[in-house]
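Undergrad: This is the structure I want to talk about, given as structure tokens.
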Amino acid sequence: MKYRLKKETKPTLPTFGKYKAVAVHYHTVESRQLIKEVAQRMGTHTSNVLAVMSSVAEVVNNHLREGDRVRLEDWGMMKLEIESDKVDNLKDFKAKKHIRGVRLHFLPQSYEGHQELYEGITFEKDKLYNEE
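For the sequence shown, my numbering assigns the number 176 to the initial residue and increments by one for each residue that follows.
Written out as structure tokens, the structure reads:
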């Protein structure tokens, strides 16, 4: 996994002026590519994989919107989390005013504390980015 060093530029943060490693992402793999690769592995047509992936996405999204957690075996668990402002008094809370958004939270599958998703990752400094 490639990384670069990035300087914190927000003066209000306690880490202002310090550097941290951030992942460098060169490509976005589109669903079309995933479907093609899965079809090749399974020895089937891309239309079959597309139908299954579309159905799984629809069912998973519906469950997430209902507030369910969704666990996909050998992959992990996902759930939606609400981001909101804090209020001093319960009576002052208004959903339209204080809820800022929703985020997807993903927890990789773990077997006895071991997360296979992270297995074998090595880190290499990206040479295309100059440090400040």
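A virtual CB, placed ideally from N, CA and C, is assigned to each residue, including glycine. These numbers come from a predicted model, not from an experiment.
Within the present structure, is the beta-carbon of Val-224 separated from the nearest heavy atom of the ligand NAD by less than 7 Å?
TA: For the ligand NAD, the structure offers nothing, since it holds no ligand at all.
Undergrad: Only counting runs of 3 or more residues, tell me where the beta strand (DSSP E) segments fall wholly within the segment 187-254, in order along the chain.
TA: 194-198 and 245-247
Undergrad: Buried or exposed for Ile-296, going by 16 or more other Cβ atoms inside 10 Å?
TA: Exposed, by the Cβ-count rule.
Undergrad: Within this structure, are the beta carbons of Gly-251 and Phe-281 separated by less than 8 Å?
TA: yes
Undergrad: What is the C-beta distance between Arg-179 and Val-204, in whole angstroms, given that I count them as a contact (C-beta under 8 Å)?
TA: Taking the Cβ atoms as the reference, Arg-179 lies roughly 21 Å from Val-204, outside the contact range of under 8 Å.
Undergrad: Compute the beta-carbon to beta-carbon distance between Leu-279 and Leu-255, rounded to the nearest angstrom, for a pair I have assumed lies under 8 Å.
TA: The C-beta distance from Leu-279 to Leu-255 rounds to 6 Å, short enough to fall under 8 Å.
Undergrad: The alpha helix (DSSP H) that contains His-273, what's its start and end?
TA: 270-273
Undergrad: Check whether the Cβ atoms of Ala-214 and Val-224 sit closer than 8 Å, and answer yes or no.
TA: yes
Undergrad: Count the other CB atoms within 10 Å of the CB of Ile-274; is the residue buried (16 or more) or exposed (fewer)?
TA: exposed
Undergrad: For the beta strand (DSSP E) that contains Lys-182, what are its first and last residues?
TA: 177-182
Undergrad: Within a Cβ cutoff of 6 Å, which residues of the same chain sit near Lys-177, ignoring the five residues on either side of it in sequence?
TA: Val-199, Glu-299 and Asp-301
Undergrad: Excluding the 5 residues flanking Phe-191 on each side, which residues of the same chain have their C-beta closer than 8 Å to its C-beta?
TA: Glu-183, Thr-184 and Lys-185
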